[in-house]
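Please read the structure below before turning to the comments.
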Amino acid sequence: MNLERVDAVVVGGGISGLVAARDLARAGRRTVLLEGRDAPGGSVRSHTVAGLVLDAGADSFATRSGTVAALVADLGLGDRICTPSPTGAWVELTTGPHPLPRTGVLGLPAHPFSTDVRDTIGTWGSVRAAFDLVAPARVGAGADTLGGLVRARMGRRVVDRLVRPVVGGIHAADPDAIALDAVAPHLAAALPGARGSLARAVGTVSAAAPAGSAVCGLDGGIHGLTDALVADLLAHGGDLRTHNRATAVHRTADGWRVDLVNGALVAEHLVLAAPVLTGLPGLDEVELDQGAQVTLVTLVVDDPRLDGAPRGTGVLVAPGVEAVRAKALTHATAKWPWLARAAGPGRHVLRLSYGRGGDQATVLPEDHGELLALALADASHLLGLPLDAGLLIGSDVVRWTQALPRPSAAHRDAVAQVRAVTAELPGLAVTGAWVAGTGLAAVVEDARGAAARIL
Ligand SMILES: Cc1cc2nc3c(=O)[nH]c(=O)nc-3n(C[C@H](O)[C@H](O)[C@H](O)COP(=O)(O)OP(=O)(O)OC[C@H]3O[C@@H](n4cnc5c(N)ncnc54)[C@H](O)[C@@H]3O)c2cc1C
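Residues in the sequence shown are numbered consecutively from 35, following this note's numbering.
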């Protein structure tokens with residue numbers, strides 16, 4: 035059989051695969067990017083609701099390393115970078131709504147006695163959290179989960195009222211099921227220099243970050259990044275093939291063969307930007323986290339009472355709030371000024387997110403109408419305003435599976451095994467959220483590194 039031969043194959047057309055393929059194509063390699071679904075972008079894609087083009091998954095990027103902003107500028111989109119409205123977010127606790135403290139990493143406060151932290155965890159909670167500043171480094175050092183470490187150093191209230199809602203919102207995971215070095219390696223790296231203090235380590239990480247907002251978006255939506263990467267990849271001769279799922283990869287005498295549902299490709303170089311491990315020696319048995327199931331319900335409502343953004347940019351929900359099943363609400367038109375302009379006065383985009391993962395798997399109604407009614411009831415509770423179904427002018431439901439690998443210790447060890455085995459295989463690089471962790475900042479940096487290693 036005569037197989038098609040190219041210089042490089044990249045498997046997985048999410049942001050990591052797009053970034054790696056673009057770098058390879060720009061360096062003159064004949065590159066094919068294989069995407070299993072009907073469109074590229076992975077978790078960074080759009081949907082249209084009530085005539086508004088919205089982000090269906092990710093809506094922002096962390097500015098911490100500057101890598102995403104540099105890529106965006108390189109793609110000619112620098113003037114579209116925008117910051118979210120500074121109104122801040124809220125957290126819904128069993129005691130009611132509280133403003134979410136502004137400084138922090140994963141909800142961990144840098145200043146346990148600041149007013150906003152005290153408002154949320156109470157004076158006793160702040161006193162207990164401040165123990166972290168004087169406790170010897172051995173306190174919590176033996177904990178194998180983020181939750182265990184924070185409970186030992188800062189107490190239960192910081193875990194339950196700050197870290198659990200934030201980690202549930204971002205990673206769809208529970209702090210008692212994830213490891214600090216897997217979820218926030220930069221924070222784990224700062225701990226020894228902070229003599230074991232989480233608050234001081236958060237301060238170090240925050241001080242090292244660029245001035246300004248910790249996250250940014252793109253005017254028009256972050257899915258503009260996908261469009262720009264695809265355009266640049268194609269402009270440099272790259273070949274994007276959707277509906278092309280890779281089923282296995284095999285080392286050959288002079289490179290790699292990638293098996294597809296229909297056919298195969300051979301190449302000197304292979305980048306795995308999706309977890310296709312079938313055919314790789316020593317990795318058949320490796321167990322990566324499959325990721326939580328997350329359901330996003332987007333509602334577009336005409337209700338001028340929301341112009342005042344009663345809960346700022348949105349609300350994270352602590353487990354145990356019985357009146358609400360959502361884990362988070364984003365008031366997208368309050369968060370992004372460009373979207374408020376596009377929607378017009380009185381029209382609002384609300385996005386409810388369901389699915390914490392772990393033991394608190396959320397059971398949702400299968401009936402579409404019932405799911406919308408639940409989302410409307412949850413939004414009413416979280417915003418403190420009864421929203422009338424008659425004001426709903428559009429909605430959409432997007433279900434994400436396998437998109438958010440939970441950074442547990444077991445997943446971290448499995449990734450270490452994948453990295454160790456693949457580092458020994460010539461012409462192969464692995465990248466993407468499945469190895470680099472969740473978030474555009476993590477995956478863009480890792481994907482550029484993967485392409486650079488191949489080049
Ligand atoms: C709902 C949601 C909201 C998020 N919000 C944010 C946010 O605001 N900010 C942020 O920084 N991050 C956010 N993230 C995380 C961020 O979007 C991801 O970490 C990042 O986009 C992952 O990119 P990736 O390319 O590694 O993986 P993915 O986006 O998962 O892409 C992988 C691609 O590979 C394809 N694929 C898989 N297997 C195969 C195969 N065998 N053959 C061919 N193709 C295959 C898939 O179809 C997919 O398109 C969010 C994620 C989700 C799900």
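Cβ coordinates follow ideal geometry from the N, Cα and C atoms, glycine included.
Contiguous beta strand (DSSP E) elements confined to the segment 219-277 occur at 249-252 and 273-275, taking only those with 3 or more residues. By the neighbour-count definition (other C-beta atoms within 10 Å, threshold 16), glutamate 458 is an exposed residue. Between the alpha carbons of glycine 202 and proline 460 lies a gap of roughly 38 Å. Rounded to whole angstroms, the separation of the alpha carbons of aspartate 153 and glycine 181 is 21 Å.
Residue nearest to leucine 274 within the set Leu37, Val43, Arg39 and Ala248 is Val43 (criterion: CA-CA distance). If you ignore the 5 residues before and after leucine 489, its C-beta comes within less than 6 Å of the C-beta of Ala61, all in its own chain and listed in chain order.
DSSP, read as helix, strand or coil, puts alanine 357 in coil. In the structure shown, valine 452 falls within a helical segment according to DSSP collapsed to helix, strand and coil. Counting only runs of 3 or more residues that sit fully inside the segment 333-415, the beta strand (DSSP E) segments are 348-351, 362-365 and 381-388, in chain order.
Cβ contact annotation for valine 40 (same chain, cutoff 6 Å, sequence separation greater than five): Arg64, Val66 and Ala301, in chain order. Inclusion of arginine 71 in the 7 Å shell around ligand 1 follows from its C-beta lying nearer than that to a non-hydrogen atom of the ligand. Between histidine 145 and phenylalanine 165, the alpha-carbon positions lie close to 12 Å from each other.
Here the alpha carbons of valine 351 and arginine 381 stand approximately 24 Å from one another.
In the DSSP assignment, arginine 433 falls within the unbroken beta strand (DSSP E) covering 426-434. By a beta-carbon distance limit of 8 Å, threonine 329 contacts leucine 398. Their separation comes to about 6 Å. Spatial neighbours of leucine 167 in its own chain (CB-CB distance under 8 Å, excluding positions within 5 residues in sequence) are listed in chain order as Pro146, Ser231, Ala233 and Arg234. Looking only at Leu311, Ala207 and Asp480, the smallest Cα-Cα distance to proline 439 is reached by Ala207. Under DSSP, leucine 37 takes part in no beta bridge, so it has no partner. For threonine 238, the closest of Asp89, Leu410, Ala223 and Asp480 by C-alpha to C-alpha distance is Ala223.
Rounded to the nearest whole angstrom, the CA to CA distance from leucine 311 to valine 292 is 11 Å. Ranking Val455, Asp261 and Ser414 by CA distance to the CA of glycine 316 puts Val455 first.
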